[in-house]
Structures are given as C-alpha cells and as structure tokens.
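What follows is a single structure, written as structure tokens, with notes after it.
Number of protein chains: 2
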Amino acid sequence: MEKLQDHPFHIFMNPRSVAVIGASRKTGKGSFNVIEVMRQFGFGGRIYPVNPFAEEIAGIPCHREVEEIGDAVDLAVVATPREQVLDVLRASARAGVRGAVVVTQGFADADPEGGSLQALAAGIARDTGMRILGPNTLGVLDAFTGFTTSFMPLSREPAPVAVICQSGVFFVGAAVFTGMLGKGIDIGNGCDLDCADALEYFGRDDQVKVIFLHIEGLRQGKRFHQVAARVARVKPVIALKTGRSALGARAAASHSGSMAGQHALYEAAFRQSGILSVEDQEAVSDFTKGFIHCGPMRGNRVGVITFTGGGGIIAADMIEKFGLQVAPLSPGTTGAIKDLSPPWMPIGNPLDIWPALMKHGMNHIYEAALRAVLQDPGVDGVICIAIAPNLPDDDFLNATEVIRETAVALPGKPVVAWLYGPNQDAVSKSIEAGGRVLAFPSLSRAARTLGALYRRSAFLGGVAPPA
Amino acid sequence: MEKLQDHPFHIFMNPRSVAVIGASRKTGKGSFNVIEVMRQFGFGGRIYPVNPFAEEIAGIPCHREVEEIGDAVDLAVVATPREQVLDVLRASARAGVRGAVVVTQGFADADPEGGSLQALAAGIARDTGMRILGPNTLGVLDAFTGFTTSFMPLSREPAPVAVICQSGVFFVGAAVFTGMLGKGIDIGNGCDLDCADALEYFGRDDQVKVIFLHIEGLRQGKRFHQVAARVARVKPVIALKTGRSALGARAAASHSGSMAGQHALYEAAFRQSGILSVEDQEAVSDFTKGFIHCGPMRGNRVGVITFTGGGGIIAADMIEKFGLQVAPLSPGTTGAIKDLSPPWMPIGNPLDIWPALMKHGMNHIYEAALRAVLQDPGVDGVICIAIAPNLPDDDFLNATEVIRETAVALPGKPVVAWLYGPNQDAVSKSIEAGGRVLAFPSLSRAARTLGALYRRSAFLGGVAPPA
Numbered sequence: 001m002e003k004l005q006d007h008p009f010h011i012f013m014n015p016r017s018v019a020v021i022g023a024s025r026k027t028g029k030g031s032f033n034v035i036e037v038m039r040q041f042g043f044g045g046r047i048y049p050v051n052p053f054a055e056e057i058a059g060i061p062c063h064r065e066v067e068e069i070g071d072a073v074d075l076a077v078v079a080t081p082r083e084q085v086l087d088v089l090r091a092s093a094r095a096g097v098r099g100a101v102v103v104t105q106g107f108a109d110a111d112p113e114g115g116s117l118q119a120l121a122a123g124i125a126r127d128t129g130m131r132i133l134g135p136n137t138l139g140v141l142d143a144f145t146g147f148t149t150s151f152m153p154l155s156r157e158p159a160p161v162a163v164i165c166q167s168g169v170f171f172v173g174a175a176v177f178t179g180m181l182g183k184g185i186d187i188g189n190g191c192d193l194d195c196a197d198a199l200e201y202f203g204r205d206d207q208v209k210v211i212f213l214h215i216e217g218l219r220q221g222k223r224f225h226q227v228a229a230r231v232a233r234v235k236p237v238i239a240l241k242t243g244r245s246a247l248g249a250r251a252a253a254s255h256s257g258s259m260a261g262q263h264a265l266y267e268a269a270f271r272q273s274g275i276l277s278v279e280d281q282e283a284v285s286d287f288t289k290g291f292i293h294c295g296p297m298r299g300n301r302v303g304v305i306t307f308t309g310g311g312g313i314i315a316a317d318m319i320e321k322f323g324l325q326v327a328p329l330s331p332g333t334t335g336a337i338k339d340l341s342p343p344w345m346p347i348g349n350p351l352d353i354w355p356a357l358m359k360h361g362m363n364h365i366y367e368a369a370l371r372a373v374l375q376d377p378g379v380d381g382v383i384c385i386a387i388a389p390n391l392p393d394d395d396f397l398n399a400t401e402v403i404r405e406t407a408v409a410l411p412g413k414p415v416v417a418w419l420y421g422p423n424q425d426a427v428s429k430s431i432e433a434g435g436r437v438l439a440f441p442s443l444s445r446a447a448r449t450l451g452a453l454y455r456r457s458a459f460l461g462g463v464a465p466p467a
Numbered sequence: 468m469e470k471l472q473d474h475p476f477h478i479f480m481n482p483r484s485v486a487v488i489g490a491s492r493k494t495g496k497g498s499f500n501v502i503e504v505m506r507q508f509g510f511g512g513r514i515y516p517v518n519p520f521a522e523e524i525a526g527i528p529c530h531r532e533v534e535e536i537g538d539a540v541d542l543a544v545v546a547t548p549r550e551q552v553l554d555v556l557r558a559s560a561r562a563g564v565r566g567a568v569v570v571t572q573g574f575a576d577a578d579p580e581g582g583s584l585q586a587l588a589a590g591i592a593r594d595t596g597m598r599i600l601g602p603n604t605l606g607v608l609d610a611f612t613g614f615t616t617s618f619m620p621l622s623r624e625p626a627p628v629a630v631i632c633q634s635g636v637f638f639v640g641a642a643v644f645t646g647m648l649g650k651g652i653d654i655g656n657g658c659d660l661d662c663a664d665a666l667e668y669f670g671r672d673d674q675v676k677v678i679f680l681h682i683e684g685l686r687q688g689k690r691f692h693q694v695a696a697r698v699a700r701v702k703p704v705i706a707l708k709t710g711r712s713a714l715g716a717r718a719a720a721s722h723s724g725s726m727a728g729q730h731a732l733y734e735a736a737f738r739q740s741g742i743l744s745v746e747d748q749e750a751v752s753d754f755t756k757g758f759i760h761c762g763p764m765r766g767n768r769v770g771v772i773t774f775t776g777g778g779g780i781i782a783a784d785m786i787e788k789f790g791l792q793v794a795p796l797s798p799g800t801t802g803a804i805k806d807l808s809p810p811w812m813p814i815g816n817p818l819d820i821w822p823a824l825m826k827h828g829m830n831h832i833y834e835a836a837l838r839a840v841l842q843d844p845g846v847d848g849v850i851c852i853a854i855a856p857n858l859p860d861d862d863f864l865n866a867t868e869v870i871r872e873t874a875v876a877l878p879g880k881p882v883v884a885w886l887y888g889p890n891q892d893a894v895s896k897s898i899e900a901g902g903r904v905l906a907f908p909s910l911s912r913a914a915r916t917l918g919a920l921y922r923r924s925a926f927l928g929g930v931a932p933p934a
C-alpha cells in the first residue's frame, strides 16, 4: 500500500503553514472567523491572514496578498467573494502554495456564471499542480492532529471515524450522523479533488477504522468504483446517497453542482464494491457504532433473551426483516432455562426468561441464559431485551450489570441490547460502558445493525454456512 | 353514541372495590405486589386481599376466599397458580364480582392443558355474565382516575393517549412506544374481552384523543373491523401488528395464544377501516406525538426551510419517500428570501437561507422565511431545519425561539423541526415547549410523521386537491 504522506490530501490535513485569504475582520462569538476556529481546534502551525483592508486579524499581522507572505505556505483557505477566487488561486499557485480550500459559495452550486468560474478553477489545478478542495466547502478536519479549515466551530474528538461529504451538515451535525468524527473531508462541489481521492486517503490512514461517505453525485464513476472496491476490503465504508428523489436530485444539482444520477446505478456500484448503503441518519450512527465496537458476526443466526414475550415477537419480526434468522437453540441451551421455568412454559428462541426470573431472581437467570446462548455454537449474535427502570428506585429490575459482565466474560459474538422503559438513555449508556454491549433505542435498529455486521462478514468471507 | 359507563370495560377501569385473589405476602421493593402498586398509583377504593395463608397483606386483613368478603366487590384481580384459576373465577361470579382480571400465565400461551383451561375460563364468562380480562395480562391502567391492576410499578401521567395491547411491554415500556400513557388495557390472551371491546371503549372515552393498538392476533376479525371503522372516524388509531414474520407468528401463538394470521389480511383490514398501520416503535411515538399536538394537514405539499443545502436535499428525499411532495413555493415566498440573498443564490424549495442569514442575521431571516412559507397558500406543512448548537456558547446559532414564536403567531399548518448538532435533545425539548412545533431526531422521522398527518386528513376528507 502506498504511503499516506504521498497522497494529495496529506498536505490538506497536515499543513505546517496556512494562508487564510479573504479572512474576516470580525472576531469573537458569532463571527465564524476561520482563524479563531483553527486555533481553538488546536492548530499550532503558522497562520497568515490575507486581507488588503486589515492591519491585523485575531492578533496576527495581515498581508495584502498571498504572494507578499514570503515564507513557504502549504495550504491556502480561500474565503473571498467569488469574483476574486480565480485570481487568488492563480496567485497562490505562483506563491508555491500546495493546496487550496475554496470555502466560497456561488459556483456550480449557483448560476451558469458560477459554473464557468468553477471550470476555470479546475483548469488552474490541472495547469499548476496546486490541488483544490471545493469550492463550497468547510474543507477538512483532523481531530488527531488538531487541524481544521471549518469556519463553523467544531468539537475535537479523536475518534477512529472519518467522514467524507458534500455538505457541512455532516461536520456540524456529526453528533446526529456518525456520532463521532475524528477526521473529515468536505468535498463541496469537487472541482478537483473528489470523493474517490478522499476515500483513497482515508483507506490508507490507519487511525481511521470506519469511513462514512455522503454522496450527492459523482463525476468519476469508474475511478470511484475502483477505489471503493479496494478500500471496502480493508475497512467498512457506509454510504448515504442523497438526491434520491426526482426533486432531491434537482436540489443536489443546485447545491453542490452534482449530477445525482440514477439511484439504482449507485446502489449497484455500492453493492459491487462492498460499500454498505444506508437510507437514513439512524443507520449511519448505528452502523458506525457497530463497526467500531463489535467484532465480526460470522453467521446470521441470532439468539434473543427477553423479559417480555411481546418484545421477543417484535425481535423475531425484525430479525427476519433485516436478513437474519432466529437461531434454533441447542437442547443444552434451552434446557438450562427450562429447568428453571414453570413446567408449562414453552422455552425456545426468543428465550422468554420472565417466569424463571420471577422465581429465581434476575441476576442468576439472566447470567445463565446469556452464558448458554453465547456458548451455543448455533448462535452468531445476541439481542438482549431488558427493562430500563427508573433508577435507583427499581434497581432490582436493572439487568445492565449482569448483561455487561457476562458478555465481557464471553467475548467474540456481537451482543446488542434493547432496554425499554422510562430510563432508556441512562441505562443504555451504562450498559455500553466498555463497548462490549451496544444498546439501541428500538429492536428495529438493534436488528438492523446486526444485519449490517453480518453483511460485512459475508462480504469479507468466512461466515458460517446457512443452517 | 352509547354511554361510556354502559360499556363492559367501565367497571374494569372504575371499580369502587377490588379483591386481589392470590395476593402475594411479599411487600416492598422488588416484590411486585399488586396491592402496593395499586395504592401507589392512587386507588382510593376498598381493597380485599384474598390469601388463605396470610393474616394481613400490606396492612389489610386477608380473606380466605372471595365469597367470605361479604361486601360488594366490583373487580377481582386473580394471581393464583393456574390450577386454581377456574375455581376462583366460579367463586368470584357467585360472590357477585362483575369483572375479573386474570394475571396468571400458563394458559393458551403455554401448553395444551393451558389451552383447555382457558377455554373453560371463557365458558365461565359466558355462563355467568362476569366479564374476564386475560389471562396472562397486566390488566388495566387509568392515570386519570388513578387505578391500575398492574403488578409492575408504573408512573401515572394523565395523557390523552390510550394503549390497547397483548403484552405488558407496552405498559412498562410506554416511554419508548407511545411516549405517554394515560389509559391502558392489556388484552393478554383475550379469552373473553378482546381488542375490539377495548377499542370500542376508548372510542367512546372523550379523555382519549389517540389510541395505540398492539395486535399479535385477532379471533373476531369481523367485529374488530366494524368497531375499528367506527372509531377511526372519531379519533386516530395507530396499529402495530407483530408476529409478522413466520417465526414471529409462531412466537405469538405461544405468547398470547394468538393466531397471528397473514400479514396482508391485517394490512388490508387496517387500511379499509382507517387505522394507521406502523412498522416500528419510532413510528408509534412519532405519530402519537403528531396527532396529539398537530392540527390536520390539509394537503401533501411541504415547505422546507434550511440552514444547510445538504440537509434540504435529504428533506426532499424523505418528503417524496413518505408520499408527500415538495411544495412549489409562490413567487412572493421565494422573493422574500431572494431579495436578502446573494444574487447568484438559487432560491426555491427547500429554501436555503444560509447565505441570507450570514448577511442579515438569523432571527430576521428565519422569521421572514417561516412567515412567508406558512402564509403561502401552496404549503400544507413545514419542515424547519436548524442547528442544535452547544448551548449557551453558540447561542447565536440557536433558532429555537424564532421558529417557535413565528409558528405560534401563525397557527394552523403543522410545523416540524429537525435540529442537527451536538445538543439535539435539549434544543428539541426547548422548541417543543407549548406543543406548536414538534422536533424529530431525523428528517426521515419528521417527514414520515407529516405523511401520517396527511394520510389521516385524506382519510377524513377535505384535503386540498393535488397541485
């Protein structure tokens, strides 16, 4: 594999010096000043504000133009009005700048004139060798090194998740999409560097364990396909293709200048290259969490342990809906609970332990059940259903600890939980401590995530033969 | 319409005196003592514990059997071992008890013997006129009057939402299904009183504005259909049919003794009677919230106001996915924002106000946009997209107040919001204060809820003709 530092994106993520061209004189709260955000995020390299109308910005002396700086500049962040962007890019290239992030909107995302300007910008990249990210982008973010070009304040969390997107909403709203955001590249309109380049870069980056890809539209379909097929074998790639609807596609054309194209073609390309295509925000966060914390799911057979028969039925519905099967449990597994249940109680999968635990206590029964199910060779993953009571009043109903500890003692198979009741958020957080058991707000989302883990394992090979 | 108090369920929800037969001697935390839960929930009527082995339970003198009580008993709660249930029911009927809740498991939910016992219980109801709820049920709950037969502790919240279910998970886990639970009937195995009876009862109850129905299986399809068609014209009925999968159906048979039957038949029946069928837990809580707080959505044309072009595209995708359309905005509406945006900015629906608000400030622009869209005669409902920043640091980005106040000033059309960012929960809660604007964690769920509101209006008639 080629080296990370040889990739064109390396200088965007690891510059030693940055010129901010068209830097705003406004500073402080609500000013969206790139220089301030850059420093707050942790950038320790040299920053050169460029603004002919200012003496200094955020305490740093200003230059009238990029060629006046004199020192070597790795990266230019361009935030001038669109009319000046081409001149600024040419000047940056002359000054030896290696990469430029064009934040400015109003190119292929706007009117025909913007489209022409963008084509000329692409020409500058081709002619000079200076690579361009954007226009219409927040640029990049690397929470490990502490660098960003975003003018929107972002929190810094070195998580092993990289985001590639065509809209800043996935940076600013990372909390509701991937949940964590360690590195990010906003392709914007993608006049030069595009999704395939970003995917290739994060594919090489060992700090990145999962890649989330937001695509409005692609221009270089073939190269994307080749890169995707290579990267998807190394790490999970989750894709959300937007602009699916007729109107969404038109909106995408006017947002990032993308050709959203036919949805079915994208789906086929994702499938062939091993990319996991998702349809909604919840799948992005659930699958990201699943891939970060769970090992492989080596078959599609799911064991369900439940406090509630009604919940077990929902689990069975969802397991089938998401391409999995309710595991036929071995006689040893069911026997362990049958002996502790009333004689009339039908024991199978879903494994309804309520009557047994009413008799013998929760910790004893939940541990026996989870242990037996995890050790059953016919089970590839487990869904645990338990109550999320109002703590600490009903703590005797809280199965958090026994589930977590039993699962930790028997590593290997994915264990997910659905905790129903008035205190779902807090109890879910508590069961997730350590990352062995993952909690989901609904059985639908729990089962869908196991389905994604299984599809990933099936794609990589080495899953159990169908029962 | 017939009177509420003439309905067989009336005595179950409003008893003056209750015998608890097979009352447990264990009291205190973790004992699941029905008498204690009943009192804590607020029941002020007379309670008669019946247990031949105890002198008193929870401070109340015990009776050896129900016929010894002497006083009139409206309701019996039966929690004896299953072998004693038939005798207890016969004795209760002789003692003049008007209704019995059979909590005990082990009937049609268990083995063939349990099935026979259940058939005999049903015979007792027919022969004596004493109505039976269950077996295998938590019974009832009425947070308005403060009565429940549940042995699981429940919080009391007089919300205008009634739940009819075949599993206690919808009582105990109400927080994650309907979100609120003012009244509930757990049909259990339904040997006598069934879903149709409960639906009829809540249909008559003016304190109930929305009914959620969980169905594993029905026996009296025709009667259900008739009642449902009548009730659905009066108030929204949301149904979650479980046991959809082959295995789920088998599990339902062993859980509540239900014949889950063919999914398509249920779907057809729901559609014909005007019941809104849902597939997952999230739809239950979202639609309940939508019907409680929103007025009718008189057409399917949705206006979208957004901070983010990328988010607007997702909104457009979801609007089409859920049977709605992106409203073509009138020239007056787009003009209001076009004049405040850079000249190159394409202005349409979704209405991307980011460049305008960067120039003119958030409150001014968001108010102008929402006002114009709400007053546009071509718009039937609105999705507002805004950031959920880390408060109070980034409070200048918080559109909560302006959205809420503008919507309150222009009542009528449903307004839903998607707030993306690190502080979604708190900002969502704040925008929902007063109930005029509803927030959803994803655009998918926001659009799906508007879709449900529209389908309800279309069912009742009087929606706008298609554009």
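Those protein sequence lines, which keep their order, are chains A and B.
In terms of the numbering used here, the first sequence has 384 at position 384, counting the first letter as 1, and numbering is strictly consecutive.
Add 467 to a position in the second sequence, counting from 1, and you land on the number used in the numbering used here.
No residue lacks a Cβ here, since even glycine has one placed at the ideal position from N, Cα and C.
Secondary structure at C529 (chain B), three-state DSSP: helix, strand or coil? Along the second sequence, one-based indexing puts residue 529 (chain B) at 62. DSSP places C529 (chain B) in coil when its eight states are reduced to three.
Does the beta carbon of T867 (chain B) come closer than 8 Å to any beta carbon on chain A? For the purposes of this step, residue 867 (chain B) is taken as the residue at position 400 of the second sequence. It does not; no Cβ of chain A falls within 8 Å.
My output table needs one value for F638 (chain B): the three-state DSSP class, helix, strand or coil. If you number the second sequence from 1, residue 638 (chain B) lands on position 171. Of the three classes helix, strand and coil, the one that applies to F638 (chain B) here is helix, per DSSP.
Enumerate in chain order the residues of its own chain whose CB-to-CB distance from T867 (chain B) is below 7 Å, with the five nearest sequence positions on each side excluded. Within the second sequence, the letter at position 400 stands for residue 867 (chain B). Once the five neighbours on either side are set aside, the close Cβ partners of T867 (chain B) are V894, S897, I898.
Measure the C-alpha to C-alpha separation of L743 (chain B) and A925 (chain B) and round it to an integer number of angstroms. Within the second sequence, the letter at position 276 stands for residue 743 (chain B). Within the second sequence, the letter at position 458 stands for residue 925 (chain B). Near 12 Å, if we compare the C-alpha coordinates of A925 (chain B) and L743 (chain B).
In terms of DSSP beta bridges, what is K321 (chain A) paired with? Position 321 of the first sequence, counting from 1, holds the residue named residue 321 (chain A). BP columns for K321 (chain A) are empty, so no partner.
Are any of the Cβ atoms in chain A nearer than 8 Å to that of T441 (chain B)? Since the first and last residues shown for chain B are 468 and 934, residue 441 (chain B) lies out of range.
Contact residues within the region 490 to 520 of chain B, judged by C-beta distance below 8 Å to chain A: So the list reads K496, G497, F499, given in the order they occur along the chain.
Which residues in the same chain as G368 (chain A) place their Cβ atom closer than 8 Å to its Cβ, once the five residues preceding and following it in sequence are excluded? What you label residue 368 (chain A) is simply residue 368 of the first sequence in a count that begins at 1. The sequence as given places Ala at residue 368 (chain A); Gly does not occur at that position. Excluding positions up to five away in sequence, the list reads A336, I337, L340.
What does A914 (chain B) touch in chain A if you count any residue whose Cβ is under 8 Å from its own? The residue given as residue 914 (chain B) occupies position 447 in the second sequence. Result: empty, since nearest Cβ-Cβ is about 10 Å, beyond 8 Å.
Length-filtered (4 minimum) alpha helix (DSSP H) runs lying within the region 720 to 777 of chain B: Scanning the region 720 to 777 of chain B from its first residue to its last, the whole alpha helix (DSSP H) runs of 4-plus residues come out as 730 to 740, 748 to 760.
Quick one: which residues of the region 779 to 807 of chain B get their C-beta closer than 9 Å to a C-beta of chain A? List them in chain order. G779, I780, I781, A782, A783, D784, M785, I786, E787, K788, Q792, V793
State yes or no: is the beta carbon of M647 (chain B) nearer than 8 Å to at least one beta carbon in chain A? As a first step, residue 647 (chain B) is located in the second sequence; it is residue number 180 there, counting from the start. Interface annotation, M647 (chain B): not in contact with chain A, CB-CB separation never under 8 Å.
For W344 (chain A), does the three-state DSSP call read helix, strand or coil? In the first sequence, residue 344 (chain A) corresponds to position 344, counting from 1. It is coil, neither helix nor strand.
The region 843 to 851 of chain B touching the region 131 to 142 of chain A, judged by at least three CB pairs closer than 8 Å: In short, these stretches do not touch, since the Cβ pair count stays below three.
Where K496 (chain B) falls, given that 16 or more other Cβ within 10 Å makes a residue buried: Counted from its first residue, the second sequence places residue 496 (chain B) at position 29. K496 (chain B) comes out exposed.
Under the three-state DSSP convention, the category A467 (chain A) falls into: Your numbering for residue 467 (chain A) matches position 467 in the first sequence. Any answer about A467 (chain A) is weak, because its pLDDT of 49 lies below 50 and its placement is not dependable; what the coordinates show is given next. A467 (chain A) falls in the coil class under three-state DSSP.
Where Q564 (chain B) sits in the DSSP three-state scheme: Along the second sequence, one-based indexing puts residue 564 (chain B) at 97. The question names Gln, but residue 564 (chain B) in the sequence shown is Val. If DSSP states are grouped into helix, strand and coil, V564 (chain B) belongs with coil.
Do F907 (chain B) and D753 (chain B) have their beta-carbon atoms positioned less than 8 Å apart in this structure? The residue given as residue 753 (chain B) occupies position 286 in the second sequence. The residue given as residue 907 (chain B) occupies position 440 in the second sequence. Contact: yes.
Extent of the continuous beta strand (DSSP E) run through C851 (chain B): Taking the first residue of the second sequence as position 1, residue 851 (chain B) is located at position 384. Segment 848 to 854, the beta strand (DSSP E) holding C851 (chain B).
Compute the distance between the beta-carbons of I820 (chain B) and I832 (chain B), then report whether it is under 8 Å. For the purposes of this step, residue 820 (chain B) is taken as the residue at position 353 of the second sequence. For the purposes of this step, residue 832 (chain B) is taken as the residue at position 365 of the second sequence. Yes, the pair counts as a contact, with Cβ atoms nearer than the cut-off.
At a CB-CB cut-off below 7 Å, which residues of chain A make contact with R711 (chain B)? On the second sequence, position 244 is the one that residue 711 (chain B) refers to. Simply D317.
If you drop the 5 nearest sequence neighbours on each side, which residues of the same chain put their C-beta closer than 8 Å to that of Y454 (chain A)? Here residue 454 (chain A) corresponds to residue number 454 of the first sequence, with the count starting at 1. Counting only Cβ-Cβ distances below 8 Å, and skipping sequence neighbours, we find M297, G299, N300, G323, L324, D380, G381, V463.
Quick one: give me the first and last residue of the beta strand (DSSP E) that F202 (chain A) is part of. Start at 1 with the first residue of the first sequence, and residue 202 (chain A) comes out as number 202. It is not in any beta strand (DSSP E) - F202 (chain A) instead sits in the alpha helix (DSSP H) that spans 195 to 204.
If you measure from the beta carbon of T775 (chain B) to each beta carbon in chain A, is any gap under 8 Å? By one-based count along the second sequence, residue 775 (chain B) stands at place 308. True, the Cβ-Cβ gap to chain A drops below 8 Å.
Between the beta-carbon of V540 (chain B) and the beta-carbon of G563 (chain B), is there less than 8 Å? Mapped onto the second sequence, residue 540 (chain B) falls at position 73. Mapped onto the second sequence, residue 563 (chain B) falls at position 96. In this structure, G563 (chain B) lies closer than 8 Å to V540 (chain B) by Cβ.
Taking all protein chains shown into account, decide if K359 (chain A) is buried (16 or more other Cβ within 10 angstroms of its Cβ) or exposed. Here residue 359 (chain A) refers to the residue found at position 359 of the first sequence. Under the 10 Å beta carbon count, K359 (chain A) is surrounded by fewer than 16 other beta carbons and is classified as exposed.
Give me the Cα-Cα distance between V415 (chain A) and A407 (chain A), rounded to the nearest whole angstrom. What you label residue 415 (chain A) is simply residue 415 of the first sequence in a count that begins at 1. What you label residue 407 (chain A) is simply residue 407 of the first sequence in a count that begins at 1. Their Cα atoms are separated by approximately 7 Å.
Chain B contacts made by the region 408 to 442 of chain A, where a contact means CB separation under 9 Å: W418, L419, Y420, G421, P422, N423, Q424, D425, P441, S442
Tell me, please, whether the CB atom of F863 (chain B) is closer than 8 Å to any CB atom in chain A? Mapped onto the second sequence, residue 863 (chain B) falls at position 396. Interface residue, yes.
To which residues does DSSP link S498 (chain B) through a beta bridge? Translated into the one-based positions of the second sequence, residue 498 (chain B) becomes position 31. None, per the DSSP bridge assignment.
Counting only beta-carbon separations shorter than 8 Å, does P475 (chain B) have a partner in chain A? Against the second sequence, residue 475 (chain B) aligns to sequence position 8. No, no contact with chain A.
Taking A93 (chain A) and M130 (chain A) to be in contact with their CB atoms under 8 Å, please state how far apart those CB atoms are, rounded to whole angstroms. Counting from one through the first sequence, the residue named residue 93 (chain A) turns up at place 93. Counting from one through the first sequence, the residue named residue 130 (chain A) turns up at place 130. So it is a contact: roughly 4 Å between Cβ atoms.
Which ranges would you report for the beta strand (DSSP E) in the region 542 to 607 of chain B if only whole runs of at least 3 residues count? The region 542 to 607 of chain B is shown to contain whole beta strand (DSSP E) runs of 3 or more residues at 542 to 545, 566 to 569, 598 to 600, in chain order.
8 Å Cβ cutoff, S744 (chain B) in contact with chain A: Counting from one through the second sequence, the residue named residue 744 (chain B) turns up at place 277. No - not a single Cβ of chain A is within 8 Å of the one on S744 (chain B).
Would you mind stating whether L587 (chain B) and L553 (chain B) have Cβ atoms separated by less than 8 Å? Sequence index remark: in the second sequence, residue 587 (chain B) carries index 120 (1-based). Sequence index remark: in the second sequence, residue 553 (chain B) carries index 86 (1-based). Taking 8 Å as the Cβ cut-off, L587 (chain B) and L553 (chain B) qualify as a contacting pair.
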